[in-house]
Structures are given as structure tokens and as C-alpha cells.
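Asks:
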Amino acid sequence: MAERRKFKKRYCKYCEAKIDFIDFKDVEFLKNTLSERYKIMPRRLTGNCKRHQEMASSAIKRARHVALIPYIVDRKNVVESPFDEI
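Sequential numbering of the sequence shown, starting at 5, is according to my numbering.
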């Protein structure tokens with residue numbers, strides 16, 4: 005049988021920092037949950053727990069609505085670090 009890959013257990017960054025509420029105005033803190041094309045990354049990649057992943061996704065959606073974070077990024081103009089422009 006093929007050997008199973010052993011991955012390092014990912015821990016929730018928000019639980020380690022003991023954060024109770026994720027604010028949508030704190031864009032620097034939300035960038036850990038976004039990809040380079042501003043998509044919300046899944047739990048299996050970020051390591052967030054269910055509670056904090058739901059809070060982060062709703063905060064990102066609120067920040068998009070208030071225009072702090074863009075909805076989409078042009079496919080032809082993908083930047084290395086999209087948060088440099090903010």
C-alpha cells in the first residue's frame with residue numbers, strides 16, 4: 005500500500021490569539037484568509053476552526069460590501085501582493 009503523507013496539524017490562528025470577534029475593518033488581519041486573487045481560502049488550507057472561519061468569511065463579505073476589499077481581480081493583471089495597493 006502507498007504510504008500516507010503525514011501533514012503538520014494546522015492550528016487556528018484566531019484561537020491562538022484568543023480573538024472573540026473578527027472585525028471587518030481590520031484588513032491586515034483578514035489577509036491571512038484570502039488568496040492572492042482575493043478569494044476566501046477554505047478551512048483545510050488556513051487551519052481555522054469552524055467558528056472562526058464563519059466569522060472571517062462574514063467579515064470578508066462585509067469588507068467587500070463596504071469596498072475595503074475588491075470582489076474580483078483581473079485575471080490578466082495578477083499582482084504578487086494585492087494588499088500593497090490598499
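Just so you know, even glycine gets a beta-carbon here, dropped at the ideal spot from N, CA and C.
Look at residue 23 and residue 44 and say whether their C-beta atoms are less than 7 Å apart.
Replies: no
Asks: From the DSSP output, in three-state form, read off residue 34 for me.
Replies: helix
Asks: Would you call residue 73 buried or exposed, if buried means 16 or more other Cβ atoms sit within 10 Å of its Cβ?
Replies: buried
Asks: According to DSSP, is residue 64 helix, strand or coil?
Replies: helix
Asks: Are the CB atoms of residue 37 and residue 21 within a distance shorter than 7 Å?
Replies: no
Asks: Just how far apart, CA to CA, sit residue 66 and residue 7?
Replies: 43 Å
Asks: CB of residue 34 to nearest heavy atom of the ligand NAD: below 6 Å?
Replies: The ligand NAD is not part of the structure shown, which contains no ligands of any sort.
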